[in-house]
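Reminder that position 90 of the sequence shown reads as 152 in this note's numbering, one-by-one numbering, no gaps.
For reference, the structure discussed in these notes is given below.
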Amino acid sequence: MEDLSAICGLPIKFDPDTMQVSFGKGIADPLCGTRELEALRPLLLDQEAEGPECLYWMYRYLFAKGDRDLLLGKHRLRYDMSCFVPGMLGREYMKTSGHYHPPVFEGGIGYPEVYEVIYGEAVFLMQRVDDYQAGPGEVKVLDVIAMAAGPGDKAIMPPDYGHVTIITGDEPLMMVNWVSDDFSSFYGSTEACHGFAHYLIEEDGSPKFIPNETYTQDVPELRYAVPKEVPELGLVKDEPMYLACRENPHLFAFLNRPWDFEELMWAGVCIQE
Ligand SMILES: [Fe+2]
Numbered sequence: 063m064e065d066l067s068a069i070c071g072l073p074i075k076f077d078p079d080t081m082q083v084s085f086g087k088g089i090a091d092p093l094c095g096t097r098e099l100e101a102l103r104p105l106l107l108d109q110e111a112e113g114p115e116c117l118y119w120m121y122r123y124l125f126a127k128g129d130r131d132l133l134l135g136k137h138r139l140r141y142d143m144s145c146f147v148p149g150m151l152g153r154e155y156m157k158t159s160g161h162y163h164p165p166v167f168e169g170g171i172g173y174p175e176v177y178e179v180i181y182g183e184a185v186f187l188m189q190r191v192d193d194y195q196a197g198p199g200e201v202k203v204l205d206v207i208a209m210a211a212g213p214g215d216k217a218i219m220p221p222d223y224g225h226v227t228i229i230t231g232d233e234p235l236m237m238v239n240w241v242s243d244d245f246s247s248f249y250g251s252t253e254a255c256h257g258f259a260h261y262l263i264e265e266d267g268s269p270k271f272i273p274n275e276t277y278t279q280d281v282p283e284l285r286y287a288v289p290k291e292v293p294e295l296g297l298v299k300d301e302p303m304y305l306a307c308r309e310n311p312h313l314f315a316f317l318n319r320p321w322d323f324e325e326l327m328w329a330g331v332c333i334q335e
C-alpha cells in the first residue's frame, strides 16, 4: 500500500497492483463510480481496442468529516479523486472521456477546474472550440494545449477549455480536483467527434500526437504548456490543495467566479514557445 496522505493531505492509501483505495477513519464516505471500456469506445482511435473491463474509479464529494458544510455548503466547492489504470488502448494511451464545462451564466465564460496529480504521470489535453455542443462537421477548434504533470503539480483547466486526461506513465494515475458544484459537465459532442482533436499514440516506443480525422475543419497547431504554481490561488507544488482550500477557501473563489481571476489562472498554464 502506498500512503498518499503527505501528498494529498487526507488519510488515503492506495495499492497500485490492485487499484484498491483505502480511506482513513476521518473521511466521510464519498460517492463512488466507475468508467468501463465499453463506455469509452466511441472516444477511441481504435474502437475495437482490447483492455481491462474497468478503466477508472471516481470518488466524488471526498471530504474529511466536518469539512463538508464549509467547503461544499458555503463555498460550493467539490473535491473528487480519480484512479486510472495505466496502459494502451490499441495504439492510444489510456485516457478519460473528455468533456466541456458550461458558462457560469449565459454569455459568460465557463467554469474552470484544478487538478492535482498525487501518483503517476498525466498529460492534460485542453481544447477551446467555437461551440462546444457542435458536431465534428461544424465545430471549429480555436486552440489546443497539452500540459504534462506529475506528483504535486496543480493543473488549471482554464475557462472554456474542454479537457481530457491522458495516462502516460507505466504506473496508475491518481489525481484529485477542486471544482464548483454548481454545474454538470457536457460530454455529447466529444463522443460525436470520437474524442478531442488529437490522439496521443505510441510510435516506435515514443509518445506522439496525431490528428483526429473526424474533425473536418482546420485544427490549429498543438501548443505545449507546463503547470506553474499560483500562490494567489492557493496552488503551491509542495502543499496539498485540499489543505490549502480548507485553510483559505476564499483563494478558490476562481472556480465559481472565474471572470475575476483570468490572468491568475493563465499564470498557472505556462505556454512553452
Ligand atoms: Fe472537468
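Glycine included, each C-beta is placed from N, C-alpha and C at the ideal position.
TODO: Report buried or exposed for E309, applying the criterion of at least 16 other Cβ atoms within 10 angstroms of its Cβ.
DONE: exposed
Task: Residues bridged to S144 [DSSP beta-bridge criterion] - done: M120 and M237
Open item on the list: When you measure from the CB of E110 to every non-hydrogen atom of ligand 3, does any distance come out below 7 angstroms?
Closed with: This structure simply doesn't include ligand 3; it includes ligand 1 instead.
Task: Given 8 angstroms, three or more beta-carbon pairs between the region 83 to 97 and the region 109 to 127 - done: yes
TODO: Report the three-state DSSP secondary structure of Y249 (helix, strand or coil).
DONE: coil
TODO: Tell me whether M219 counts as near ligand 1, meaning its Cβ is closer than 7 angstroms to at least one heavy atom of that ligand.
DONE: At least one heavy atom of ligand 1 sits closer than 7 angstroms to the Cβ of M219.
Open item on the list: On the CB-based measure, 16 or more other CB atoms within 10 Å of its CB, does T230 come out buried or exposed?
Closed with: buried
- [ ] Give the DSSP-derived three-state secondary structure of Y304 in the structure shown.
- [x] The answer is helix: DSSP assigns Y304 an H, G or I state.
Open item on the list: Let's test the definition: count the other Cβ atoms within 10 Å of the Cβ of T80 and tell me whether it reaches 16, buried, or not, exposed.
Closed with: exposed
Task: Residues sharing a beta bridge with V281, DSSP - done: BP columns for V281 are empty, so no partner.
Open item on the list: Whole angstroms are fine: how far does the CA of D91 sit from the CA of L72?
Closed with: 13 angstroms
TODO: Go through its chain and collect everything with a Cβ distance to L284's Cβ below 8 angstroms, but skip five positions before and after it.
DONE: V206, I207, A208, H260 and F271
TODO: Select from A111, R140 and K75 the residue whose C-alpha is nearest the C-alpha of A315.
DONE: R140
TODO: Closer than 6 angstroms by C-beta to E178: which residues in its own chain qualify, once you throw out the five before and the five after it? Chain order, please.
DONE: Hits under 6 angstroms: K216, V238 and M303.
TODO: Give every residue of the same chain whose Cβ lies closer than 7 angstroms to the Cβ of Y249, excluding the five residues on either side of it in the sequence, and list them in chain order.
DONE: S159 and H161
Task: Expected contact under 8 angstroms - CB spacing of E233 and G182 to nearest Å - done: 5 angstroms
Task: Residues near R138 by beta carbon distance below 7 angstroms, same chain, minus five either side - done: Closer than 7 angstroms at Cβ, skipping near neighbours: S242, D243, D244 and N318.
Task: Nearest neighbour of P165, chosen from V203, H256 and S246 [CA to CA] - done: S246
TODO: Would you decide whether S251 is buried or exposed? Buried here means 16 or more other CB atoms lie within 10 Å of its CB.
DONE: buried
Task: Heavy atom of ligand 1 within 7 angstroms of E309 beta-carbon - done: no
Open item on the list: Taking DSSP's pairing of strands, which residues face D77 in a bridge?
Closed with: Answer by DSSP bridge pairing, in chain order: Q82.
Open item on the list: Pull the bridge partners of R97 from the DSSP assignment, please.
Closed with: Y118
- [ ] Please state if the CB of L187 and the CB of L151 are separated by a distance shorter than 8 angstroms.
- [x] Cβ atoms of L151 and L187: not closer than 8 angstroms.
Open item on the list: Residues in the same chain with beta-carbon distance under 6 angstroms from G86, minus the five sequence neighbours each way, listed in chain order, please.
Closed with: P73
- [ ] On the DSSP bridge assignment, give the partners of K270 in chain order.
- [x] DSSP output for K270 lists I263 as bridge partner(s).
Open item on the list: So, with DSSP's three-state summary, where would you put A184?
Closed with: strand
TODO: Go ahead and label E110 buried or exposed: buried means 16 or more other beta carbons lie within 10 angstroms of its beta carbon, across all protein chains shown.
DONE: exposed
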